[in-house]
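Trainee: Here it is: the structure, laid out below.
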Amino acid sequence: MNFIYMILLFGRFEVVSQNFDSVVLFSVIVIAPIREELVYRYLFLSITASNWLKIVLGLVSTGFFFYGHSFTYGGNLFAMVQVLFLTLGTTYLYVKTNNIFPAIMLHSSYNLFVLLLSLFK
């Protein structure tokens, strides 16, 4: 999906090769998804049982997550569509399963995928 989206948006898909040490890899693949899902999904969505409030709080948490990642993409809203899909997917998983673990796994998988793209050009 990212590949097709980036080609349609920019006419090409280019990944900058980077060198990461094990601490950065662990942080991006394990620590960041756990922290972000606990804050943006669990903290916001576990405070109510009302489906209506979960929708509202899900949109609020999506906004915060989207804003928090805007600096990564230099504020390019078109490039951030993938972040929007990620946060909507993790929110959906948490609401449907009432378990934060599937959302953390999706987030970790996404981060791993992006890192692999940047490592193997």
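If you count the sequence shown from 1, you need to add 277 to reach the numbering used here.
Ideal Cβ positions, reconstructed from N, Cα and C, are used throughout, including at glycine.
(1) Straight-line CA distance for LEU267 to SER327?
(2) Evaluate contact between the segment 305 to 320 and the segment 360 to 380, counting only Cβ atoms and requiring at least three cross-stretch pairs below 8 Å.
(3) For LEU363, which residues from the same chain have a beta carbon less than 6 Å from its beta carbon, with the 5 sequence-adjacent residues on both sides left out?
(4) Count Cβ pairs between the segment 300 to 307 and the segment 373 to 393 that sit closer than 8 Å; are there 3 or more?
(5) I'd like the span of the alpha helix (DSSP H) that includes PHE342, first residue to last.
(6) Starting from MET382, follow the alpha helix (DSSP H) in both directions and report where the run begins and ends.
(7) How many angstroms separate the CA atom of TYR350 from the CA atom of VAL337?
(8) Which value, in whole angstroms, describes the spacing of the CA atoms of ARG347 and PHE341?
(9) Considering only C-alpha positions, which residue in the set VAL391, TYR371, PHE397 and PHE378 is nearest to ILE332?
Mentor: In terms of the structure at hand:
(1) With the chain running from 278 to 398 in the structure shown, residue 267 is simply not present.
(2) yes
(3) The residue you call residue 363 lines up with position 86 of the sequence shown. Same-chain partners within the cutoff: TYR387.
(4) yes
(5) By one-based count along the sequence shown, residue 342 stands at place 65. Looking at the DSSP string, the run of the alpha helix (DSSP H) that includes PHE342 is 328 to 345.
(6) Taking the first residue of the sequence shown as position 1, residue 382 is located at position 105. Counting along the chain, the alpha helix (DSSP H) containing MET382 begins and ends at 377 to 396.
(7) Indexing the sequence shown from 1 puts residue 350 at position 73. Indexing the sequence shown from 1 puts residue 337 at position 60. TYR350 and VAL337: Cα-Cα distance of roughly 20 Å.
(8) Position 70 of the sequence shown, counting from 1, holds the residue named residue 347. Position 64 of the sequence shown, counting from 1, holds the residue named residue 341. For the sequence presented, residue 347 should be read as Ser rather than Arg. Roughly 10 Å between the two C-alpha positions.
(9) Along the sequence shown, read from residue 1 onward, the residue named residue 332 stands at position 55. For ILE332, the nearest C-alpha among the options comes from TYR371.
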